[in-house]
């Protein structure tokens, strides 16, 4: 099915462009919560890239990697949020 | 037939993820950026997972896709709430066109 492969390549290109746009916000974010939101979104886009690659190559080990990346990204976001709250008070 | 649906869901999910990136880059303050990123990326990942489960209808793929989707639905809401709480308590500046601010103790608005 070649059109599924073409759709996978187009989806990967769009996800990479989205991650590049989000990285601009990481660099130019005016406050620390902006940067934390952008880094969290980059983690979600990495999970999306892994899901598309797992579908294109039919390897289920990449889905396990995606689950682990999602978990670590969530824990990192919560840790950053508690750091922001504690540093303000 | 299901391959065409899978390809369509793949393009739809990638478009939603691209909208999340554009929203984070273009929205004016912290809270609007956060709602753009959380909603659009969660829906985009859901479409990509549905496309994956349609393309590889094995039990192992479907179980992993469903568990990853449920995990992201739970944790993205919790992460957005925690970051919004930290930003609001820290007095993050709002967009100048904001109409309603329900925070109890307002920081000095930039142009009010």
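Chains as they are written, first to last, in this note's numbering: chain A, 2 to 90; chain B, 12 to 123.
Heads up, the beta-carbon is just placed ideally off N, CA and C, and yes, glycines get one too.
Being a predicted model, the structure only gives us computed values, none of them experimental.
Alpha carbon of residue i to alpha carbon of residue j, nearest angstrom
| i | j | result |
| --- | --- | --- |
| residue 31 (chain A) | residue 24 (chain A) | 13 Å |
| residue 24 (chain B) | residue 50 (chain A) | 11 Å |
| residue 31 (chain B) | residue 50 (chain B) | 8 Å |
| residue 92 (chain B) | residue 15 (chain B) | 37 Å |
| residue 26 (chain A) | residue 59 (chain B) | 24 Å |
| residue 40 (chain B) | residue 107 (chain B) | 9 Å |
| residue 12 (chain B) | residue 46 (chain A) | 28 Å |
| residue 26 (chain B) | residue 111 (chain B) | 31 Å |
| residue 61 (chain B) | residue 69 (chain A) | 19 Å |
| residue 38 (chain B) | residue 74 (chain B) | 36 Å |
| residue 13 (chain A) | residue 53 (chain A) | 7 Å |
| residue 42 (chain A) | residue 3 (chain A) | 30 Å |
| residue 66 (chain B) | residue 63 (chain A) | 15 Å |
| residue 81 (chain A) | residue 47 (chain B) | 20 Å |
| residue 45 (chain B) | residue 84 (chain A) | 18 Å |
Chain-ordered neighbours of residue i on chain B, where CB pairs are closer than 7 Å
| i | result |
| --- | --- |
| residue 73 (chain A) | Simply none; closest approach about 11 Å. |
First through last residue of the alpha helix (DSSP H) which encompasses residue i
| i | result |
| --- | --- |
| residue 110 (chain B) | From DSSP, residue 110 (chain B) is part of no alpha helix (DSSP H); its letter is neither H nor E. |
| residue 125 (chain B) | Residue coverage of chain B in this structure runs from 12 to 123, which leaves residue 125 (chain B) outside it and unanswerable. |
| residue 65 (chain A) | 62-89 |
| residue 6 (chain A) | 3-29 |
| residue 33 (chain A) | 33-58 |
Amino acids of chain B, ordered along the chain, whose beta-carbon sits closer than 8 Å to that of residue i
| i | result |
| --- | --- |
| residue 78 (chain A) | 90, 93, 94 |
| residue 28 (chain A) | Here the premise fails: no neighbours, minimum Cβ distance about 11 Å. |
Within chain A, partners of residue i - CB distance below 7 Å
| i | result |
| --- | --- |
| residue 48 (chain B) | 38, 42 |
| residue 29 (chain B) | 15, 18, 19 |
| residue 71 (chain B) | 61 |
Cross-chain neighbours of residue i in chain A, by beta carbon under 9 Å
| i | result |
| --- | --- |
| residue 43 (chain B) | What residue 43 (chain B) touches in chain A: nothing, since even the nearest Cβ is about 11 Å away. |
Test: residue i CB closer than 9 Å to a CB of chain A
| i | result |
| --- | --- |
| residue 12 (chain B) | no |
| residue 66 (chain B) | yes |
| residue 60 (chain B) | yes |
| residue 56 (chain B) | yes |
| residue 108 (chain B) | no |
| residue 84 (chain B) | no |
| residue 17 (chain B) | yes |
Chain-ordered neighbours of residue i on chain B, where CB pairs are closer than 9 Å
| i | result |
| --- | --- |
| residue 52 (chain A) | 24, 56, 59, 60, 62, 63, 76, 79 |
| residue 11 (chain A) | 21, 22, 25 |
Contacts of residue i in chain A (Cβ-Cβ under 8 Å)
| i | result |
| --- | --- |
| residue 35 (chain B) | 22, 23, 26, 38, 39, 42 |
| residue 105 (chain B) | Residues of chain A passing the Cβ test: none, with the nearest at roughly 12 Å. |
Please list, in chain order, the residues of the region 31-47 of chain A that have any C-beta partner in chain B closer than 7 Å.
Of all residues in the region 31-47 of chain A, only 32, 34, 35, 37, 38, 39, 41, 42, 45, 46 place a beta-carbon less than 7 Å from a beta-carbon of chain B.
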